[in-house]
Amino acid sequence: MEKAPESLWLKSAPSRSFAPLGEDVSVDVCVIGGGIAGVTASLLLQQAGKRVALLEAGTIGNGVTGSTTAHVTEALDTRWFKLIESFGKAGAKLAAQAQRAAIERIALFVEQDRLDCDFRLLPGYFYSESGSGEIEKEFAAAKALGMQVSLVPAAPLPFATQKAVRFDNQAQFRP
Ligand SMILES: Cc1cc2nc3c(=O)[nH]c(=O)nc-3n(C[C@H](O)[C@H](O)[C@H](O)COP(=O)(O)OP(=O)(O)OC[C@H]3O[C@@H](n4cnc5c(N)ncnc54)[C@H](O)[C@@H]3O)c2cc1C
């Protein structure tokens, strides 16, 4: 079996370990799992005035979070036109708003806490090399849901692509 590529983040980030919980503690909320979801939830709860214990079985950030490609994007793995088909425009719009709120929330964490994580806003592209009919459908769906999108002749890549959907104000960072 082919070996999975090693994660750059796991390879390059300084490792931080924490002592096991050695005694009973009394908290408002106990969060299980220190990936990006658990760390974010813990931080937001703490900022809201809650006493929080974050429990991690292994190492903080070494789960799936440690292997992400780090695109912070509205271009999801599931097509927006499929979400509209499944949940209606109002349902898909909730998902679109959540996605935008998440990007802005991450940007705010970076700004407020001056996180040194190479965060930057940049456009993201949904493209096809072979010209699947999904590009224009996805563009129409994303636009109908209020996203900042445009249909461009090709994605700016070092190989030829067909038309692409450009999503503005996406982001990347070093998790
Ligand atoms: C190759 C790859 C590329 C990806 N690229 C992107 C991308 O570009 N953009 C994007 O948005 N998403 C991407 N994703 C998805 C994204 O990485 C995940 O959705 C996200 O990291 C999940 O975070 P999490 O906190 O839910 O889970 P995790 O990071 O897996 O954290 C869960 C943690 O819980 C701990 N845990 C589990 N059970 C227990 C227990 N019983 N007690 C204590 N601790 C426990 C685990 O040890 C782990 O640390 C990618 C995923 C992969 C695999």
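Just so we're aligned: 29 in numbering that gives the first Met the number 0 is position 30 of the sequence shown, and the numbers increase by one with no gaps anywhere. Yeah, the Cβ is synthetic: ideal placement off N, Cα and C, and Gly gets one too.
Taking 6 Å as the cut-off, is the C-beta of residue i nearer than that to any heavy atom in ligand 1?
i           : result
residue 102 : no
residue 55  : yes
residue 105 : no
residue 63  : yes
residue 25  : no
residue 77  : no
residue 14  : no
residue 68  : yes
residue 34  : yes
residue 134 : no
Below 8 Å on the Cβ atoms is my guess for residue i versus residue j; work out the distance and round it to an integer in Å.
i           : j           : result
residue 170 : residue 99  : Contact doesn't hold; Cβ gap of about 11 Å is too wide.
residue 124 : residue 154 : 4 Å
residue 49  : residue 27  : 4 Å
residue 16  : residue 58  : 7 Å
Among residues of its own chain, excluding the 5 on either side of residue i, which ones have a beta-carbon nearer than 7 Å to its beta-carbon?
i           : result
residue 152 : 162
residue 122 : 165, 166, 167, 169
residue 8   : 65, 173, 174
residue 138 : 148, 150, 164
Going along the chain, which residues of its own chain have a beta-carbon closer than 8 Å to the beta-carbon of residue i, five neighbours each way excluded?
i           : result
residue 144 : 79, 83, 88, 91, 92, 95
residue 105 : 71, 118, 170, 172
residue 24  : 52
residue 63  : 34
residue 189 : The structure shown has nothing for residue 189, since the chain only spans 0 to 174.
In chain order, what residues of the same chain lie with their CB nearer than 6 Å to the CB of residue i, ignoring the 5 residues before and after it?
i           : result
residue 54  : 31
residue 141 : 79, 148
residue 126 : 154, 160, 163
residue 103 : none
Decide if the stretch 64-76 is in contact with the stretch 41-49; the criterion is three or more beta carbon pairs, one per stretch, under 8 Å apart.
The answer is no - the stretch 41-49 does not touch the stretch 64-76, with fewer than three Cβ pairs under 8 Å.
Cβ pair count under 8 Å reaching 3, the stretch 83-95 against the stretch 109-126
no
Any chance the stretch 121-138 sits against the stretch 28-40, with 3 or more Cβ pairs inside 8 Å?
no
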